[in-house]
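Notes to accompany the following structure.
2 protein chains.
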Amino acid sequence: MKAEIIAIGSELLTPARLDTNSLFLTAELNDVGIRVIHKAVVGDIPGEMRSSFSHAMESADVIVSSGGLGPTDDDRTRETVAELLGRKLRVDDVILQKIQDRFRRLGRPMPEINARQAMVIEGATILPNPRGTAPGLWIEAKGHILILLPGVPQELRAIMETEVKPRLLKLGLKQRLYTRELRVAGLFESDVEQRVSPLYAAYPETETTILASPTGIQLHPRIWSEDRAKAEAMLDEIVKRMALALGEHLFSTHGETMEEVVGRLLVENHATIAVAESCTGGLLAERLTTIPGSSAYFLGGVVCYSNELKTSMVGVPAELIESKGAVSAEVAAALADGIRKRTGATLGVGITGVAGPSGGTPEKPVGLVHIALADGRATSAAVLRLPGDRERIRQFSAQRALDLVRRYFLFPSPGRA
Amino acid sequence: MKAEIIAIGSELLTPARLDTNSLFLTAELNDVGIRVIHKAVVGDIPGEMRSSFSHAMESADVIVSSGGLGPTDDDRTRETVAELLGRKLRVDDVILQKIQDRFRRLGRPMPEINARQAMVIEGATILPNPRGTAPGLWIEAKGHILILLPGVPQELRAIMETEVKPRLLKLGLKQRLYTRELRVAGLFESDVEQRVSPLYAAYPETETTILASPTGIQLHPRIWSEDRAKAEAMLDEIVKRMALALGEHLFSTHGETMEEVVGRLLVENHATIAVAESCTGGLLAERLTTIPGSSAYFLGGVVCYSNELKTSMVGVPAELIESKGAVSAEVAAALADGIRKRTGATLGVGITGVAGPSGGTPEKPVGLVHIALADGRATSAAVLRLPGDRERIRQFSAQRALDLVRRYFLFPSPGRA
Chain R
575 MKAEIIAIGS ELLTPARLDT NSLFLTAELN DVGIRVIHKA VVGDIPGEMR SSFSHAMESA
635 DVIVSSGGLG PTDDDRTRET VAELLGRKLR VDDVILQKIQ DRFRRLGRPM PEINARQAMV
695 IEGATILPNP RGTAPGLWIE AKGHILILLP GVPQELRAIM ETEVKPRLLK LGLKQRLYTR
755 ELRVAGLFES DVEQRVSPLY AAYPETETTI LASPTGIQLH PRIWSEDRAK AEAMLDEIVK
815 RMALALGEHL FSTHGETMEE VVGRLLVENH ATIAVAESCT GGLLAERLTT IPGSSAYFLG
875 GVVCYSNELK TSMVGVPAEL IESKGAVSAE VAAALADGIR KRTGATLGVG ITGVAGPSGG
935 TPEKPVGLVH IALADGRATS AAVLRLPGDR ERIRQFSAQR ALDLVRRYFL FPSPGRA
Chain V
575 MKAEIIAIGS ELLTPARLDT NSLFLTAELN DVGIRVIHKA VVGDIPGEMR SSFSHAMESA
635 DVIVSSGGLG PTDDDRTRET VAELLGRKLR VDDVILQKIQ DRFRRLGRPM PEINARQAMV
695 IEGATILPNP RGTAPGLWIE AKGHILILLP GVPQELRAIM ETEVKPRLLK LGLKQRLYTR
755 ELRVAGLFES DVEQRVSPLY AAYPETETTI LASPTGIQLH PRIWSEDRAK AEAMLDEIVK
815 RMALALGEHL FSTHGETMEE VVGRLLVENH ATIAVAESCT GGLLAERLTT IPGSSAYFLG
875 GVVCYSNELK TSMVGVPAEL IESKGAVSAE VAAALADGIR KRTGATLGVG ITGVAGPSGG
935 TPEKPVGLVH IALADGRATS AAVLRLPGDR ERIRQFSAQR ALDLVRRYFL FPSPGRA
C-alpha cells in the first residue's frame, strides 16, 4: 500500500519553517506496512489544496494531511476535501458540545469561529482529539483512505497513535519495514560510503541511507518484507558485514549516541570522568550530561577560556602555558591530568584549540585542536586540524573527545587512540 | 511569478531525512521576487518523478528540482524531464572533459558511470558546478523555466548563487519579499499569539509566522511589495506595535539570538561573566561561547554536578548545601557569587535544579530550577517550574539564565527580574 503525506499551511512555504510532522507520520505508516511515495507542502489556498489532493489520489491508496483544520478563515481543508469528493459538510452536535465544554473548562466563552471545527464531511469517521478542539477525519472514498489531521504536532501525534494506527492495523498488511541504525566516528562520509557500498549489490532487497552529522555518521539499512525472521536475519548479516568494513570506527549498531556509549562504558568499568575544556566552551560537559543518570559518573567540568583559570581552577602551570602556548599538546595533557586530580575522577579529559573565526596564526591556525585523556598513569592524545566554521570545529572536537574515551576502554593498549 | 520546488531521492521519504535544500531555495527565490506555492518530495522512480514535474507545470512558472543528477542508475532526473518535454539527451563533450579533468586532479581514473553526468537535455543551458561533477541545467519549455540542480547542499548552493540567481534577476520582477524577525523570551507561544494577533487585521497585506523554540519564540512578519520604501515603513510600524504589545519580553527586532544580545550588552557595559551550572551541565557556558569573540567577556565556567565540587571549586559552604539542599535559591545564589569571586568576573550566574527524569521529590519535583545572578552588591533570582523532558528543562533553564543577564542590564532596579 502506498501513501502520500500533504502538509497544509502557507507558513510551511517560507524559508523559516519545515514540515516535520511528516517524519513522524512516515514512521507510523511504515510501521503498519504502508510506504510513503510522495510528500507535498501546500499553502492555505483552496485551488492549490484541491490540486494536491487530486494529484495524490492518482497514485496513493492512503492520503494523510496535516493542517488546515483550525477555526479561522485560513483553515480550508474540510471544505476543500468535501468539494473534491462531492460531499456535503454538516455540523456535528457532539463535537460542538465537546468544543464548548473544553472552553468552559478553560473558563472562557467559545469564540463563534470555533464552531467551524465541528463541521464534518458526510460519511466521515470522526477521530477525537484528546489534546485540542479540532477532531481528525477518516474518509473512505473512491478506493482511497483520506485521513485529515490537525497540524499541531502534539494533537497530530495523539490522534495518529490512538485513533489512526489501530484502524490502519486492521487493514492487515503483511509487509513491514525492518531497519537498523549504525553509527560511525572518525571517518568522512565518503570513506563510509566507499567502505560499505560494495555490500549494496549483494543485498538488492536492502536500501541504505547515509546521514552525516557532527555527532557521527549514521547508516540506515532497511528492508520491506512479509517475513520478519528472514528480514531480521538479513539485517543482522548486513550489519555484521558493515561492522567488518567499518572496524573500530563503528560505535553503535542500534542507534546509541556517542554519549550513551561512553556513559555505558564508564558505568561498566566503574569509572568516573571530569573535563576541562577551552575551545568547546562547555559542549563536552553538556553532551555527557545529556544522559539521564550521568551524575553517577560525571563529576564535573571546568570551562577555562582564560589562561588564568587554566592555572587557578585546573592547576596548569603558568610556565607551561607561557612556554608551549595555551593551544598545545602539553597544555591539553595538563588540563586532563589537572581536572582529574582536582575532582578525584578516574579519567580527566582536556581540550584546547582555536575555534575561530579569529585567533588563528600560521603556526596555530583556526581548526587546530588538542585533546588529551589522562588516567593517572598515561595520557592518550589526539591532535585535530579541522575545516569548517566555529560551530563545526567545536562539535567535531567534542565528538572526538568522547571517542577518545570510548577507545580508551575498548582498545586499552597504552599510548593508543 | 510562482515556483514549485521538487526534491528527488527515496531517502527523503524515510523517517530519518528531511529535504532542507528547499529552505535555502525558497529564500533565494523570494529574494528575486518569486513565490513558492508548492513543494514536493519524490523517490527515484521515473513514473513518480514524471507525475510530479507534470503536476508542477500545471500551476508553477518556475520549477526547481534538487537531486537525481548523480552518476548511478538511481539518478534519473535528466531522462525523466527530457522524456516529459519530448526532447533528446546528448553527451556534452565539454562537460565530459571537465569531469575527466576533475578525476585526474584527484589522481583517480573516471569511473565509466560518471559519463552519465555529461548527458544534457537538448536546448538546455548548462550551469557549471564549481563544487562537484554534475552540472545544473536551465531549460525553457512551454512557458516554464525548469532548473535542475544536484542534491548535495554545497553544490546546489554554489550553482544557485553563481548561475541561477543572476539569470532570475534578469527576469526583472518588481515584487520583493520584505521581512523582519522578532524574538521573544519569557512568554508561551499562545501568549505571544494573543498579544500580536489583534494587529493582523490592521495589516491585511502582511503575513506573520510564529515559530516556537527553547531559544525564544520567533515572529516573522512579511510583505510582498513592489515598493521597497512603503514595505519597509509598514514593517517598521508593525514591529513598533508588536514591540509595544510584547514589552520587555521582546529581546530582538532583527533576529539576534539571546546569546548575541547578552554578549553585546556585556561588551557595551564593559562587564565580564562567569557561570556555575549544575543541571544545565555546561549548556549555559556552551551558548555564551557560541559567539565569536566571546573570550572578551566570558571568563569561564564550572559544571559542578557533585556537591563536593560545588564546595571545592565554587566555594559554596557545605553547611548551606546540607541545610537548604543542593537545589535551593540559597545554593543558586552561593554558586553565582562564588564563581564571580573565584574568577574575578563582573557578574556570576548560578543554576541548580532537577532536570530529571529521576531525582525529583514531592518538595523538589523534576523541573524545579533555581537561577541566580550576582554582581557583588545584590543578587537577582528566578525560580522555574518547568514541564517537559530533561532536554527541554535544560534548554529553558539556560535561556532563562541568559534572559536574567539581559534584564539585569536593561532594567537595573535592584531585586528586579
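Chains as they are written, first to last, in our numbering: chain R, 575 to 991; chain V, 575 to 991. Backbone N, C-alpha and C define an ideal beta-carbon position, used for all residues, glycine too.
| Item | Value |
| --- | --- |
| Determine the burial state of LYS884 (chain V): buried for a count of at least 16 other Cβ atoms within 10 Å of its Cβ, exposed for fewer. | buried |
| Closest by CA to LEU840 (chain V), which one among V:CYS878, V:LEU701, V:LEU976, V:GLY583? | V:LEU976 |
| Let me see if you follow: with CB-CB separation under 7 Å, is VAL877 (chain V) close to chain R or not? | yes |
| Hey, does THR588 (chain V) have any beta-carbon neighbour from chain C nearer than 7 Å? | Here the protein chains are R and V, and chain C is not one of them. |
| Considering only DSSP beta bridges, list what CYS853 (chain V) is partnered with. | For CYS853 (chain V), which the question treats as bridged, DSSP gives no partner whatsoever. |
| So what does DSSP say about SER932 (chain R), is it helix, strand or coil? | coil |
| Based on the DSSP secondary-structure assignment, which residues constitute the bridge partners of LYS613 (chain R)? | R:ILE579, V:VAL615 |
| Taking only beta-carbon positions, decide if SER971 (chain V) is within less than 7 Å of chain R. | no |
| With H, G and I counted as helix, E and B as strand and the rest as coil, what does DSSP make of GLU696 (chain V)? | coil |
| Note down, one range per segment and in chain order, each beta strand (DSSP E) of at least 3 residues found wholly within the stretch 712–770 of chain R. | 718–723, 750–753, 756–758 |
| Flag HIS718 (chain V) as yes if its beta-carbon sits less than 7 Å from any beta-carbon of chain R, otherwise no. | no |
| Which residues, taken in chain order from the stretch 921–951 of chain R, show a beta carbon closer than 9 Å to some beta carbon of chain V? | ALA929, GLY930, PRO931, SER932, GLY933 |
| Determine the extent of the beta strand (DSSP E) in which THR885 (chain V) is found, giving its start and end residues. | THR885 (chain V) -> not in any beta strand (DSSP E); alpha helix (DSSP H) instead, spanning 881–886. |
| Using a Cβ-Cβ distance under 7 Å, would THR531 (chain R) count as near chain V? | In this structure chain R extends from 575 to 991, so residue 531 (chain R) is not present and cannot be described. |
| Going along chain V in order, which residues have a C-beta closer than 9 Å to the C-beta of THR917 (chain R)? | SER880, GLU882, LEU883, SER886, MET887 |
| With a 10 Å radius around its C-beta and 16 neighbouring C-beta atoms as the bar for buried, classify LYS744 (chain V) as buried or exposed. | exposed |
| PHE872 (chain R) CB to nearest chain V CB: under 7 Å? | yes |
| Is it buried or exposed, VAL905 (chain V), if we count other Cβ atoms within 10 angstroms and call 16 or more buried? | buried |
| Considering only the beta carbon of each residue, do VAL616 (chain R) and THR600 (chain R) sit closer than 7 Å? | no |
| Under 8 Å: do the stretch 884–899 of chain V and the stretch 907–923 of chain V share three or more Cβ pairs, one atom per stretch? | yes |
| Between the Cα of LEU670 (chain R) and the Cα atoms of R:ARG754, R:ALA708, R:VAL636, which residue gives the shortest distance? | R:ALA708 |
| Name the chain V residues that come within less than 9 Å of ILE895 (chain R), Cβ to Cβ? | Ordered by position in chain V, no residue passes the 9 Å Cβ test against ILE895 (chain R), which lies about 14 Å from the chain. |
| Classify ILE669 (chain V) as helix, strand or coil using the three-state DSSP reduction. | helix |
| Is the shortest distance between the beta-carbon of LYS739 (chain V) and the beta-carbons of chain R less than 7 Å? | no |
| For the alpha helix (DSSP H) that GLY837 (chain R) lies in, which residues bound it at each end? | 832–842 |
| To which residues of the same chain is LEU658 (chain V) closer than 7 Å at the C-beta, ignoring the five residues directly before and after it? | ARG624, PHE627, SER628 |
| On a CA-only basis, which of V:ARG815, V:GLY725, V:ILE695 is nearest ASN703 (chain V)? Give me that one, please. | V:GLY725 |
| By Cβ distance below 8 Å, which residues in the same chain neighbour GLY899 (chain V) in space, the five residues on each side in sequence not counted? | VAL905, LYS938 |
| What in chain V is Cβ-close to ASN604 (chain R), meaning under 9 Å? | THR588, PRO589 |
| Can you check whether the C-beta of SER799 (chain V) is within less than 7 Å of a C-beta belonging to chain R? | no |
| Could you check what DSSP says for ILE791 (chain R) in three-state terms: helix, strand or coil? | strand |
| If you run the structure through DSSP and keep just helix, strand and coil, what is GLY912 (chain R)? | helix |
| Any C-beta of chain R sitting closer than 7 Å to the C-beta of HIS844 (chain V)? | no |
| Which residues share a DSSP beta bridge with THR953 (chain R)? | R:ALA948 |
| HIS828 (chain R) touches chain V at which residues, Cβ-Cβ below 7 Å? | In chain order: nothing, as chain V lies at least about 14 Å away. |
| How about THR846 (chain V) and TYR879 (chain V): are their beta carbons less than 7 Å apart? | no |
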